[in-house]
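Sequence lines, in order, name chains A and B.
Sequential numbering of the first sequence, starting at 1, is according to our numbering.
Sequential numbering of the second sequence, starting at 1001, is according to our numbering.
All C-beta atoms, glycine included, are put in the ideal place defined by N, C-alpha and C.
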Amino acid sequence: MSVLAHGIGAQHDLPLSPFYAFAGAFAALFVSFLALGLLWSASRFRGDRAGRPVPSALQRLADARPTRIALRALGLAAALYVTLQLLLGPDDPDRNPAAGAVYVLLWVGLVPASLLLGPVWRPINPLRTVHLLVCRALGRDPAAGRPLPAGLGLWPAAAGLLAFTWLELVAPDPASADALLVFLGGYAGVHLAGAARYGAGWFDRGDAFEVYSGLLARLSPLGRRPADRRLVFRSPFNGLDATPQAPGLVATVCVMLGSTAYDGFSDAPSWITTVQTSSLGRTTTATLGLLGAVALVAALYALCAGAVRLISGQLPHPLTAFAHSLVPIALGYLIAHYFTLFVTEGPRTVMVALGADDPAPPDPPLGPGGVATLQVAAIVLGHVLGVIAAHDRSVRLFPSGRAVAGQLPLLVLMITYTIGGLSLLIA
Amino acid sequence: MAAVTALTAAALVLGASACGGRATTHHKPGTSHEQAGGSVGRLLTADDGSGNRLRQVDAEGAPSVTVAVRPDSEDGWNVHLTVRNFRFTPDSVGGAALLGRGHARLFLDGHPLARVYGSWYHLPASLVRGAGKGGTELTARLYADDHTAWAVNSAPVQATTALSEATSAPEKSGAATPRPDTTLVEIVVSHGKVSPDPGRTEIKKGRTVELRVRSDRADHLHVHGYDKEAALPAGRTVTLTFTADRSGLFEVETHESDLLLTQLVVR
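Right, here's the structure in full:
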C-alpha cells in the first residue's frame, strides 16, 4: 500500500510559475490599498436582515417534509454504503470507493455544494438522523438536553476538523479501511454522545462537517433569514457579515487555513526529506508540522488582533470580530488546492462505486495554464472578498477617525496569508 | 508447450545429425545467380517492398521466426532470432531456393539494416539513433537462398518487435544525459535514506524519462500518475524508462519502505 498525499489521488498540480504568483501578489496588494482609499465609509452590510426572498414554491419545496426525509435517507444510505464498503469491500483504495467518498466527495465536495446551496450537510448529516431515530424510538424530544456550556462555542468543531485533517494529511495510511473505520467510528461515537447529552443542537456547533459547511455557506447566494425563516437570495457579503461570533470561530478558521497550508507545503521535497529522515519518526514529525502550520496561522492572527486593540482602543472581542473575513481566504486556499483533485478523483470515485475495476481518472478539464490561472484567481478573489468584509466591519466598529488605521493590521495579515498561500503553490 | 518444445528440439537434433557437416551448396553447375531460382512453393508476383519476390509455401511446415531484443550492458541491443522449420545456410546463398533454408534480413522501421546468417546479432545504438524517433520497430524476415522472401498466405514470414525506449541500452554509470531526448534520474536508496535528497526533476512534456534506481533492500518502485512499476531486487540497479506524455507533478516512490525518491515536474 502506498502513502497517498491527499489521502487519495495520484497526480498533483504543477507548481505555479513565478509569473502567475507575482501577478496574483501584485493584484492582491493593489486591491488592498485601493480598498483603503476608495471603499465606503459607513457600513453597508446588513447581515441577517438582508436578502430577497426566493419564490415561495422553491421555499415550500425546500421546507417540505418529503424533501427533508429524502435528504436524511440519502445521508443515511450513503453512510451505510461507505461503512459496508469499508467492512466488506476490498482494502485497496483503487478498488474501494469508500476512501474517495470520504476524502473527495464529502470533504472536498462540501465546498462547492455549500457554496451553491448553503449549509447542505445539516439536513444530510447521518449522525443527526441516527440521533433523531434513536430519540423517536425512546420517545424523547431530539432537541431536549442540557444547555451547551457558554464557552464551548465552535471548539468541538475546530477539534473535529483538526482530527480529520490529521487523518487525511498525516496519518500513516489514510486511505486504508482500518484507519477510516477507526476514525469514522470514533467520530460518530463522540458526536452521538454529545447529542445524547446536549440534544440535537450539539451538531450545530460541535459537528466539524456541519460547521465547515456552514462557514463556507456564508458565501452562498442562498441563505435563510433567521428573523422570518425565509429562504433568501443575498449577497455573499451579507451572509458573511451574519457569521455568528461564537467562541472557537477563530480556531475553526485557523484550522481550515493551517491545514490547507500544510497540505501545500507537505508536497515540497524539502519537507518530505525532513519527514523521511527525522529521528522522531514520520508520523510525529508530520503531526508537528500540521500543528505548527495551524499555530503559525493562529499566532499571526493573534498578533494582528493585538495590534488592532492597540490602535483602536477598546474593542470587546477584537479576535472574533474579524474572523469572518478570513473565511473567503480559506475558501481561496481550498479551491486552489483541491480543484483538480475534485474534478479527477470525484468522477473516478463514482466510477468505482458503480463497479468499474480500478478505472483511470478522467483527464483534468483545465490545462496547466488554466489551473494556474484558476488557483491564482481563487486566492486573489478570496483575498479581495476578505478585505471588503473586514473593511465594512471596521467602519462599523471603529469611530470614523480610526477606521482606516484600525483595519491596517488586518490588511497586513491578509496580505501575509495571501502571499503565503501563493508561495505555497510555487514551492 | 513443453512437449512441442521437446519435439522441436528432437527434430532439430535429428535433422542436424542426419545432415551433418557443413551444408552443401545447391548451385547446379552452370546456374547463374539470378533471383528466383528453384521450384519450391509458388512464386508470387508480389514483392517484399524492396524488390524481392515472395515465395509462398503451405502454412504447414513453413518456416517461422520470432525476434527478441534485450539491452546490451555496453552498447545497443542484442537481437535474438528464434526460427522453426528453418536453417541458416550462409554457404549456399545465391543458390536455388530450398524449403526451410536461407537467411534472415533485419529492417529498422522498414529500412534494410543487415542480413544475418545466424540467430544472434548485435545492434549498436549508433545505428538506431538515426532511425525514427520513439517507437522504433525491428523486423526480421526470412529469405530463401535465391533472395526470395518466404511467404505464407501471401504474407512474408517475419516478426517485428518494438525497439522501445524501455528496452534501450543502459549507458555507463556516471554518464550524463544518455540521449538528447532522455532525462536520466539516478537514485540510490540505502539504509532508508535516499540520495540525492528527494527533489524535483523538471521534464519537458514528451521527453523520455530514464529512472535508474538501486535499493539495498528488495522493494517496489512506483511512478504515480503514470502508474509505472518495477520490482527492485536488493542491490541491483533497475532502469525504468517511459515517455513523459502527461503534464503534472508526479511522485516516484518505493512501496515497501514508503520513501519518496523524487518528484517529476512534467510541463
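- In the structure shown, B/D1219 adopts extended strand secondary structure according to DSSP, grouped into three states.
- Shown here for A/L116: same chain residues with a beta carbon closer than 7 Å to its own, the five before and five after excluded, namely S220 in chain order.
- By the rule that beta-carbons nearer than 8 Å mark a contact, A/D13 touches chain B.
- Any Cβ of chain B closer than 8 Å to the Cβ of A/I124 would place that residue at the interface, and such an atom is absent.
- No Cβ of chain A is located within less than 8 Å of the beta carbon of B/S1215.
- Inclusion of A/D207 and A/A261 in the CB contact set at 8 Å is not warranted, their separation being larger than that value.
- Between the alpha carbons of A/L334 and A/V82 lies a gap of roughly 24 Å.
- Per DSSP, reduced to three states, the secondary structure at A/W40 is coil, with no helix or strand assignment.
- Under the DSSP definition of a beta bridge, A/Q407 lacks any partner.
- Taking 8 Å as the cut-off, the beta carbon of B/L1106 is found closer than this to the beta carbon of B/A1140.
- In the DSSP assignment, no residue is bridged to B/S1073.
- Under DSSP, B/V1194 forms a beta bridge with B/V1189.
- Residues of the region 1039 to 1069 of chain B with a C-beta atom less than 8 Å from some C-beta of chain A do not occur.
- Under the DSSP assignment, A/L14 falls outside any beta strand (DSSP E); it carries neither an H nor an E label.
- For the region 242 to 276 of chain A, the residues whose beta carbon sits under 7 Å from a beta carbon of chain B are, in order, P269, I272, T273, Q276.
- About 7 Å separates the CB atoms of B/G1076 and B/H1122; that is less than 8 Å, so the two are in contact.
- Secondary structure of B/A1104 (DSSP, three-state): strand.
- Annotation: the region 158 to 203 of chain A contains the following complete segments of the alpha helix (DSSP H) (minimum length 4 residues), in chain order: 177 to 198.
- Rounded to the nearest angstrom, the gap between the Cα atoms of A/F209 and A/R122 is 9 Å.
- Assignment of B/H1147 by DSSP, reduced to helix, strand and coil, places it in the coil class.
- Using a Cβ-Cβ cut-off of 8 Å, A/P368 counts as an interface residue toward chain B, since at least one Cβ of chain B sits closer than that to its own.
- Per the C-alpha coordinates, the member of B/P1156, B/E1060, B/W1120 positioned closest to B/S1050 is B/P1156.
- Residue range 1053 to 1056 is occupied by the beta strand (DSSP E) that includes B/L1054.
- In the structure shown, the three-state DSSP call for A/L425 is helix.
- If you check the CB distance, A/T418 and A/H383 come in under 8 Å.
- Burial check for A/S213: the Cβ neighbour count within 10 Å reaches 16 or more, so the residue is buried.
- By the criterion of at least three beta-carbon pairs nearer than 8 Å, the region 19 to 26 of chain A is in contact with the region 368 to 381 of chain A.
- When DSSP reads this structure, B/S1064 sits in a beta bridge with B/R1084.
- DSSP places A/A144 in the coil class of the three-state scheme, outside both helix and strand.
- Secondary structure within the region 57 to 133 of chain A: the alpha helix (DSSP H) runs of 4 or more consecutive residues, fully enclosed, are 65 to 88, 97 to 100, 110 to 117, 121 to 124 (chain order).
- Residue-level contact check: B/R1115 does not touch chain A, since none of the beta carbons of chain A fall below 8 Å from its beta carbon.
- Excluding five sequence positions before and after A/V102, the CB atoms of its chain that fall closer than 7 Å to its own CB belong to V82, L180, given in chain order.
- Taking all protein chains shown into account, A/T320 has 16 or more neighbouring C-beta atoms within 10 Å of its C-beta and is therefore buried.
- Taking A/V211 as reference, the option from A/V31, A/L249, A/L280, A/D63 with the minimal CA-CA separation is A/L249.
- Against chain A, a Cβ distance below 7 Å from B/S1154 picks out nothing, because the smallest value is about 39 Å.
- Between B/K1193 and chain A, the shortest Cβ-Cβ separation is below 8 Å.
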